[in-house]
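*Asks:* Under this note's numbering, the first residue of the sequence shown carries the number 26, and numbering increases by one thereafter.
Every residue, glycine too, gets a C-beta built ideally from N, C-alpha and C.
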Amino acid sequence: MLVVQTTIPVDESQFEEATTAARRVAAASREESGTLGYVAATTVGDDPALVFVERYEDVDAARSHQDTDHYAAFVDAVCEFADGQTTTHQYEVANHEAVTFTTAELRDSI
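(1) Are the Cβ atoms of residue 115 and residue 29 separated by less than 7 Å?
(2) Please return the same chain residues whose Cβ sits closer than 8 Å to the Cβ of residue 95, not counting the five positions on each side in sequence.
(3) Using beta-carbon positions only, say whether residue 87 and residue 131 come within less than 7 Å of one another.
(4) If residue 33 and residue 74 are in contact, beta carbons under 8 Å, what's the gap, nearest whole angstrom?
(5) Looking at residue 113: is its Cβ nearer than 7 Å to the Cβ of residue 31?
(6) For residue 100, count the other beta carbons within 10 Å of its own beta carbon; 16 or more makes it buried, fewer makes it exposed. Which is it?
(7) In whole angstroms, what is the alpha-carbon distance linking residue 118 and residue 64?
(8) Where DSSP assigns a beta bridge to residue 100, which residues make up the other side?
(9) Can you name the residues that DSSP bridges to residue 114?
(10) Report the three-state DSSP secondary structure of residue 76 (helix, strand or coil).
(11) Taking its Cβ as the centre, do 16 or more other Cβ atoms sit within 10 Å of residue 69, making it buried, or is it exposed?
(12) Less than 7 Å between the beta carbons of residue 90 and residue 42, yes or no?
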């Protein structure tokens with residue numbers, strides 16, 4: 026599995042446009058073959074940014090994602106609203122386990 030985490034700083038005056046573009050690319054990306062998960066979120070605080078966490082079956086699935094029309098449209102939109110350096114981290118994961126818990130269990134674990 027390949028996990029990709031990307032942070033894109035956003036011009037505050039373009040924040041609405043940025044979140045709209047993020048919603049579009051996330052919805053379309055979740056439908057792609059080989060995509061295990063695709064989350065788009067925003068940061069909390071003074072420096073607005075989009076944060077993506079993408080999970081793919083493998084590197085080929087991630088490359089296929091980059092060849093889609095919705096990805097190309099998003100990259101074009103980024104040029105309009107990005108405000109600084111974009112940072113991407115990629116992790117190849119050999120084994121993983123999903124762990125679920127309630128908020129009560131989380132509170133009790135502290």
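*Replies:* Answer, in terms of the structure:
(1) yes
(2) 49, 50, 53, 54
(3) no
(4) Right, their Cβ atoms sit about 6 Å apart.
(5) Yes, the Cβ-Cβ distance between residue 113 and residue 31 is below 7 Å.
(6) exposed
(7) 18 Å
(8) None; residue 100 has no bridge partner.
(9) According to DSSP, residue 114 bridges with 30.
(10) strand
(11) exposed
(12) no
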